[in-house]
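Chemist:
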Amino acid sequence: MLPAQRRDLLLARLRADGRLVAKELAAELGVTEDNIRRDLREMAAAGLCQRVYGGALPVSPAVADYATRAAVASSAKQRVATAAAALIHPGSTVLIDGGTTALAVTAALPADLSATVVTHSPTVAAALVDHPTIEVYVLGGRLFKHSAVTCGAAAAEAARTVTADLFLLGVTGVHDQAGLTTGDADEAAMKRILASRAADTYVLASAEKIGAASPFTVLPLDQVSGIVTDAASDHPVLVRLREAGVVVVPA
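Spelled out as structure tokens, the structure:
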């Protein structure tokens, strides 16, 4: 089998199975693991997969620019946002992450909800300007334009002064092996700090993020209270997560 044919087969297998295991593929195809790893490196360089230890996972579609992501799975994000908004109790202090799903949460909040929202997303803050009973605090810092959030030392220092009841965390990938991932190291670090400031952290994950992975780990799965998702309950990744004791909140 020619290398190009082998890579086509690997892509088809990735779409069908949701993951590639280098050792298994090498044995099945009668080639060395080095050959498979080289194929995976080339596929990852072309943006076709996300390499992980021992193989590869589907690359997350949520790594596109902000404007493009706003048009991806909009109805799914609305379902996730509605379920996430129900987690916010009157009188609570809530950290809301940046991203398009977090922005959808602002539209799902009841008009009579009285709460405090702390965010490092200017778009989330702006969306709450007209909400009559929500107090809004914005964490300043360097603007990371890809996700329209602040990050860096100033934002991290400001975040460490906050104590919240709930953090609604946005990620680009959720996988039982790779954990919770995103596409930028500084953004991942900021998300970890925000999670450390909340009593409970729930992940906002529309279906296209389940089973996908990005380069940088945000948190291990055992450090969040649950995952809010509209993915089918029998999705293999969700089945494995529930078996591992992870709470899945259906949207």
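Each residue of the sequence shown is one higher than the last, beginning at 15 in our numbering.
For every residue, glycine included, the Cβ atom is placed at its ideal position computed from N, Cα and C.
#1: Helix, strand or coil for Pro234 per DSSP?
#2: Just how far apart, CA to CA, sit Glu149 and Leu183?
#3: Between Pro104, Arg93, His160, Gly193, which has its C-alpha nearest Asp179's C-alpha?
#4: List, from N- to C-terminal side, the beta strand (DSSP E) runs of 3 residues or more that fit wholly inside the region 170–256.
#5: Let me check one thing: in DSSP terms, what residues is Glu149 bridge-paired to?
#6: Roughly how many angstroms separate the alpha carbons of Glu1 and Gly44, rounded to a whole number?
#7: Helix, strand or coil: which one does DSSP assign to Arg33?
#8: What do you get for Val94, buried or exposed, if any count of 16 or more other CB atoms within 10 angstroms of its CB means buried?
#9: Mapping DSSP to helix, strand and coil, what is Thr46?
#10: Would you identify the three-state DSSP class for Ala98, choosing helix, strand or coil?
#11: From Asp198, Lys205, Thr196, pick the residue whose C-alpha is nearest to that of Arg174; which is it?
#12: Span of the beta strand (DSSP E) holding Ala70?
#13: How many angstroms separate the CA atom of Gly166 from the CA atom of Asp111?
#14: Counting along the chain, where does the alpha helix (DSSP H) carrying Pro136 start and finish?
#15: Using the beta-carbon count (16 or more within 10 Å), is Thr120 buried or exposed?
Modeler: Inspection of the coordinates gives the following:
#1: coil
#2: 19 Å
#3: Pro104
#4: 178–184, 187–189, 193–196, 212–218, 230–233, 240–243
#5: Thr130
#6: In the structure displayed, the chain extends from 15 to 265; residue 1 sits before or after that span and is not available.
#7: coil
#8: buried
#9: coil
#10: helix
#11: Lys205
#12: 69–71
#13: 15 Å
#14: 136–141
#15: buried
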